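See below for the structure under consideration.
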Amino acid sequence: MLVGELRRCSTCNRWGGERRIGDDGQTVHLNPANPRGACNEGPWHASLRGPRNACGQWLQWIEIKPQGEGPAS
Numbered sequence: 026m027l028v029g030e031l032r033r034c035s036t037c038n039r040w041g042g043e044r045r046i047g048d049d050g051q052t053v054h055l056n057p058a059n060p061r062g063a064c065n066e067g068p069w070h071a072s073l074r075g076p077r078n079a080c081g082q083w084l085q086w087i088e089i090k091p092q093g094e095g096p097a098s
């Protein structure tokens, strides 16, 4: 999943699901056994949201590097 462009729950700072950032700083890897997470302080607060859900109050996950910033060499 390429993150910065998707604007989905799995790339939102408010999403509480299990995820990790890829080595490229742009890819989010999810736990396929547990792909849902709670919305924290967003419009769906405390409800479980899937990784492809979206809303109008998306905030990019702080672990995602800005576009153009590759991995450190």
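Numbering (my numbering), first residue to last: 26 to 98. A virtual CB, placed ideally from N, CA and C, is assigned to each residue, including glycine. Please read all numbers here as calculations on a predicted model, not as lab measurements.
Evaluate Ser35 with the Cβ neighbour count: other Cβ atoms within 10 Å of its Cβ, from every protein chain shown; 16 or more gives buried, anything less gives exposed.
The residue you call residue 35 lines up with position 10 of the sequence shown. Burial call: buried.
Would you kindly report the start and end of the unbroken beta strand (DSSP E) that includes Leu55?
One-based indexing of the sequence shown puts residue 55 at position 30. Looking at the DSSP string, the run of the beta strand (DSSP E) that includes Leu55 is 53-55.
What would DSSP say about Cys37, mapped onto helix, strand or coil?
As a first step, residue 37 must be located in the sequence shown, where it is residue number 12. Three-state DSSP puts Cys37 in a strand.
Between Asn59 and Ala79, what straight-line distance do the alpha-carbon atoms span, to the nearest angstrom?
In the sequence shown, the residue the question calls residue 59 occupies position 34. In the sequence shown, the residue the question calls residue 79 occupies position 54. Rounded to the nearest angstrom, the two C-alpha atoms are 18 Å apart.
Does the distance from the CB of Arg61 to the CB of Gly81 come in under 9 Å?
Walking along the sequence shown from the start, residue 61 turns up at place 36. Walking along the sequence shown from the start, residue 81 turns up at place 56. In this structure, Gly81 does not lie closer than 9 Å to Arg61 by Cβ.
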